[in-house]
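As you go down the protein sequences, you meet chains E and U in turn.
With UniProt numbering, the residue at position 355 of the first sequence is 355, and numbering never jumps.
With UniProt numbering, the residue at position 106 of the second sequence is 106, and numbering never jumps.
Protein chains: 2
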Amino acid sequence: MWSEAINQMLRQWMRKGALTLHLPDGTARSYGDGTAPQVTLRIHDDATLRRLALNPDLALGEAYMEGSLTVDGDDLHGLLELVLRNFGGGRRSWWNLPGRWLRKARRGLDQRNIAASSRRNVAHHYDLPPRLYDLFLDEDRQYSCAYFRDPGDGLEQAQLQKKHHIARKLRLEPGLRVLDIGCGWGGMALTLARDYGVQVTGVTLSEEQLKVAQRRAREEGLEDRVEFRLQDYRAVTETFDRIVSVGMFEHVGLPQFDPYFRAVHDLLAEDGVALVHTIGWAGPPGSTNPWIAKYIFPGGYIPSLSEVAPVIENNGLWLTDLECLRLHYALTLRHWYDRFTARLDEAREINDETFVRMWKFYLVASEQSFRFNRQDVFQFQISKRLDAVPITRDYLYRSGLVPRQAEVETLDRARDHAAE
Amino acid sequence: MWSEAINQMLRQWMRKGALTLHLPDGTARSYGDGTAPQVTLRIHDDATLRRLALNPDLALGEAYMEGSLTVDGDDLHGLLELVLRNFGGGRRSWWNLPGRWLRKARRGLDQRNIAASSRRNVAHHYDLPPRLYDLFLDEDRQYSCAYFRDPGDGLEQAQLQKKHHIARKLRLEPGLRVLDIGCGWGGMALTLARDYGVQVTGVTLSEEQLKVAQRRAREEGLEDRVEFRLQDYRAVTETFDRIVSVGMFEHVGLPQFDPYFRAVHDLLAEDGVALVHTIGWAGPPGSTNPWIAKYIFPGGYIPSLSEVAPVIENNGLWLTDLECLRLHYALTLRHWYDRFTARLDEAREINDETFVRMWKFYLVASEQSFRFNRQDVFQFQISKRLDAVPITRDYLYRSGLVPRQAEVETLDRARDHAAE
Chain E
1 MWSEAINQML RQWMRKGALT LHLPDGTARS YGDGTAPQVT LRIHDDATLR RLALNPDLAL
61 GEAYMEGSLT VDGDDLHGLL ELVLRNFGGG RRSWWNLPGR WLRKARRGLD QRNIAASSRR
121 NVAHHYDLPP RLYDLFLDED RQYSCAYFRD PGDGLEQAQL QKKHHIARKL RLEPGLRVLD
181 IGCGWGGMAL TLARDYGVQV TGVTLSEEQL KVAQRRAREE GLEDRVEFRL QDYRAVTETF
241 DRIVSVGMFE HVGLPQFDPY FRAVHDLLAE DGVALVHTIG WAGPPGSTNP WIAKYIFPGG
301 YIPSLSEVAP VIENNGLWLT DLECLRLHYA LTLRHWYDRF TARLDEAREI NDETFVRMWK
361 FYLVASEQSF RFNRQDVFQF QISKRLDAVP ITRDYLYRSG LVPRQAEVET LDRARDHAAE
Chain U
1 MWSEAINQML RQWMRKGALT LHLPDGTARS YGDGTAPQVT LRIHDDATLR RLALNPDLAL
61 GEAYMEGSLT VDGDDLHGLL ELVLRNFGGG RRSWWNLPGR WLRKARRGLD QRNIAASSRR
121 NVAHHYDLPP RLYDLFLDED RQYSCAYFRD PGDGLEQAQL QKKHHIARKL RLEPGLRVLD
181 IGCGWGGMAL TLARDYGVQV TGVTLSEEQL KVAQRRAREE GLEDRVEFRL QDYRAVTETF
241 DRIVSVGMFE HVGLPQFDPY FRAVHDLLAE DGVALVHTIG WAGPPGSTNP WIAKYIFPGG
301 YIPSLSEVAP VIENNGLWLT DLECLRLHYA LTLRHWYDRF TARLDEAREI NDETFVRMWK
361 FYLVASEQSF RFNRQDVFQF QISKRLDAVP ITRDYLYRSG LVPRQAEVET LDRARDHAAE
């Protein structure tokens, strides 16, 4: 019965690519138009069949984690390309089964993100052993979309470029006070303080991240210019000349969008500039994928532009620029995947095989969502006065303006050379 | 009684700047904090007092047109700065008196913009004698926000830069088919055909504009590359590699936002790029100022981003870039005002004094709305595939890519020189 339900579903939806499905009873069936990618999937027991038929969004990732579903050659990229190109994208999302009303109600509960649950949700992900992140992130532990001037750029270079691209958008001058909302392991704050001479306050809810960030500030001798705090951004009371928030808004949750931008408004000086960098959804609002919500980012929510625009407008802020970085995150995630899979033995020392497979599934599902679904990255540049930034965006693309760091000057020269 | 009502209103709201008000009975009162601008306003009869008290949004412009209200030194810029800084801006708009529901209902009627009323509304403004537009526009008759690399740029140069900035965003290649929705007097279409070798179809609802555009195509010998039509964009049936629409979306009206972007989707090739350039409102949705709706742009509506984002998302389109040009339109309008007022004698030959004053009020009110209210300009770059444009925006800011026109090469050299 369950195998027939799955057969019906695949016959109806599988149009692009080729899928061969091996069932627990030893039979096999093929679907699709025979084009690439060609994927062979094996389901090893009847219970998995049943779960996949009833709740595919959650069960696919779970069955892969457990090993009750395998892909020949471990071709997760191929599998998730098939899933997203045939069941996702466009106006329909492969996980949007419950109705709009139900989704709204669930969102209200899952994403309440009052101070206590925020801290718990953050701990779920960011208090994992720091060693885990060393396996796949760059040296500065930038855990967000990098900026590739060229798709062939290395990860270290692209993360460096991301920090300086954001720094340019912030229009920094020595001595300015900068608030970093969701400062992570401190890489952005330290870069801004070191290379631009600003005073940075970084807030995080992760104790593990705080420890690392504070140690790095000490080691770099930047304690007089950078202060890290274990603090909810809603509890910050000072005002700042600049606000930067990278890869944090994804955790805010819809019910907190308005308070978030109200805080940006209230904490920002009158002539200030803010830069909010977040994963976005380039389609009508949807719900968070249940597998991601359960295993990776509880309480998170990927915003559509139509959900962010009203809260910017309602809080009296100017949107001065919106850049959409889409494929940069696909490139970033591929680097992370390649690094992670090159060090699987070390990963298995940190946690068990199920965790390792979960992490692989997370990295690949995310990458393929940027390539084959409507996942996007938004950089919102925001101000309170319409003349807080120059009238053209030339300043973002001119060389010779930026950092003192020798490394980056080299990058800039390489870029100018390429442009000639 | 009416003078007392106005007195109360001014005492309550006039905080910034200085206003001296001379009443019909010969008395005068002062308001504000004494800072610039200092404006002296004279109301010459009791009927005008009454209308101003009851319906200031409409009456201010009407009384100025009739001459029953005058400003010393004809300082309309000062007057409208006072109005907008004290009664507009922020979360409150000086004209948003009726409630949200009433506004919605009115909008439904005023902005229905079915084909017949669209044509009538367009004729109201764009079928005015072409000579009128020669008095204040640039030589190419670009009737939309220019692009100032430097605030000191001249109008001719800034309009040229605008066309080429948009052309870069369109990623043109010789031979591509381009649709220009709302082509005006044909300047953009002719520039794209001449300088980028593309095939352009321009549609307009203004018979006067069509005649001028067709004549220009003949005179320039571009008839084989440019076709102008008197056609509603909703009646276009072909598909195009590129779509450009500049200063037209303001006339679409809220009820037609979804059909407009559905048309962009349906008329655009799969790997196509569209650029929609429109005045926008950088705050929560409001209503059209009644004076503007009655005298200048019947059927028009200035969109908030929160009203455009959903229709982009719902129609399966990618927003690949959003530039906010705000002050560029203030600069443009100041050029138009300066040109217009330098040729008032010629304007009076075209129409009567009331019309001339109406036009001045329109130009100044618009300029000051960009400076002191939340008026903005949005350039939406849109595609159907996420890889239709390069992954960074460098291509918009690199020199040496663009047009064959000697003029523009000179501009590019000047710019590179300035950047050094």
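C-beta atoms are modelled at their ideal positions from N, C-alpha and C, and glycine is treated no differently.
Query                                                                                                                                                                  : Result
So with CB distances below 9 Å, who are the chain E contacts of U:PHE148?                                                                                              : ILE391, THR392
By the criterion of Cβ-Cβ separation under 8 Å, what are the contact partners of U:TYR397 in chain E?                                                                  : ARG393, ASP394, LEU396, TYR397, ARG398
Could you round the C-beta distance between E:LEU386 and U:LEU49 to whole angstroms and report it? I think they count as a contact, below 8 Å.                         : Rounded, the Cβ-Cβ distance is 34 Å, inconsistent with contact.
Have a look at E:LEU80, E:THR70, E:PRO56 and flag the residue whose alpha-carbon is nearest the alpha-carbon of E:ASN373.                                              : E:LEU80
Cβ closer than 8 Å: which chain E residues qualify as neighbours of U:PRO284?                                                                                          : PRO310, GLU313, ASN314
Whose C-beta lies closer than 6 Å to the C-beta of E:LEU155 among residues of the same chain, with five residues either side of it excluded?                           : ASP138, HIS335
Express the C-alpha separation of U:GLY182 and U:GLY202 in angstroms, rounding to a whole number.                                                                      : 7 Å
What in chain U is Cβ-close to E:TRP318, meaning under 7 Å?                                                                                                            : ALA282
Taking the DSSP output, what are the residues bridged to E:GLU181?                                                                                                     : Inspection of the sequence shows that residue 181 of chain E is occupied by Ile rather than by Glu. DSSP lists E:VAL203 as partners of E:ILE181.
Of all the CB atoms in chain U, is at least one closer than 8 Å to the CB of E:HIS328?                                                                                 : yes
Could you check whether the Cβ of U:SER304 sits closer than 8 Å to any Cβ belonging to chain E?                                                                        : yes
For the stretch 150 to 179 of chain U, list every residue whose C-beta sits within 7 Å of some C-beta in chain E, in sequence order.                                   : PRO151
Could you give the distance in angstroms between the alpha-carbon of U:ASP25 and the alpha-carbon of U:PRO285?                                                         : 40 Å
On the premise that U:MET248 lies in contact with U:TYR295, defined as a C-beta separation below 8 Å, what is that separation, rounded to the nearest angstrom?        : The pair is not a contact, with the Cβ atoms about 20 Å apart (cut-off 8 Å).
When the Cβ atoms of the stretch 165 to 180 of chain E are set against those of the stretch 270 to 284 of chain E, are three or more pairs found closer than 8 Å?      : yes
Exposed or buried, which one is U:GLY34 when buried takes at least 16 other CB atoms within 10 Å?                                                                      : exposed
For E:LEU322, return the contacting residues in chain U, with the cut-off set at a CB-CB distance below 7 Å.                                                           : LEU322
Helix, strand or coil: how does DSSP classify U:ALA28 here?                                                                                                            : strand
Grab the span of the alpha helix (DSSP H) containing U:ILE279 for me, first residue to last.                                                                           : Premise fails: U:ILE279 lies in the beta strand (DSSP E), 268 to 281, not in any alpha helix (DSSP H).
What residues from chain E crowd round U:ASP266, counting only those whose CB sits closer than 7 Å?                                                                    : Simply none; closest approach about 14 Å.
Report yes or no: is there a C-beta of chain E within less than 8 Å of the C-beta of U:ASP258?                                                                         : no
What do you get for U:GLN142, buried or exposed, if any count of 16 or more other CB atoms within 10 angstroms of its CB means buried?                                 : buried
Kindly indicate the opening and closing residues of the beta strand (DSSP E) around E:ASP241.                                                                          : 240 to 246
Below 8 Å on the Cβ atoms is my contact criterion, and I expect E:LEU9 with E:PHE361 to pass it. Report the Cβ-Cβ distance as a whole number of Å.                     : With the sequence shown as reference, residue 9 of chain E is identified as Met, and Leu is not the correct amino acid for it. 20 Å between Cβ atoms; not a contact.
Using DSSP with H/G/I as helix, E/B as strand and the rest coil, what is U:ALA388?                                                                                     : coil
Measuring CA to CA, which of U:THR341, U:GLN375, U:PRO151, U:ALA235 is closest to U:ARG85?                                                                             : U:GLN375
From the beta carbon of U:LEU80, is the nearest beta carbon of chain E less than 8 Å away?                                                                             : no
Which residues of chain E have a Cβ atom closer than 8 Å to the Cβ of U:LEU333, listed in chain order?                                                                 : Chain E residues near U:LEU333: none, gap ~14 Å exceeds 8 Å.
In the structure shown, what three-state DSSP assignment does U:ARG229 receive?                                                                                        : strand
Take E:TRP281 and list the residues in its own chain whose beta-carbon comes closer than 7 Å to its own, dropping the five residues that flank it on each side.        : ILE302, PRO303, SER304, ARG374, GLN375, ASP376
Name, please, each residue of chain E whose Cβ falls closer than 7 Å to the Cβ of U:LEU386.                                                                            : ARG326, LEU327
Roughly how many whole angstroms lie between the Cα atoms of E:MET1 and E:ALA53?                                                                                       : 10 Å
Below 8 Å, can you find three or more Cβ-Cβ pairs linking the stretch 206 to 226 of chain E to the stretch 238 to 258 of chain E?                                      : no
Classify E:PRO129 as buried or exposed, calling it buried when 16 or more other Cβ atoms lie within 10 Å of its own Cβ.                                                : exposed
Would you list, in sequence order, the uninterrupted alpha helix (DSSP H) runs of no fewer than 4 residues that lie entirely inside the stretch 319 to 391 of chain U? : 327 to 341, 344 to 350, 353 to 372
Once DSSP output is grouped into helix, strand and coil, what is the label at E:LEU172?                                                                                : coil
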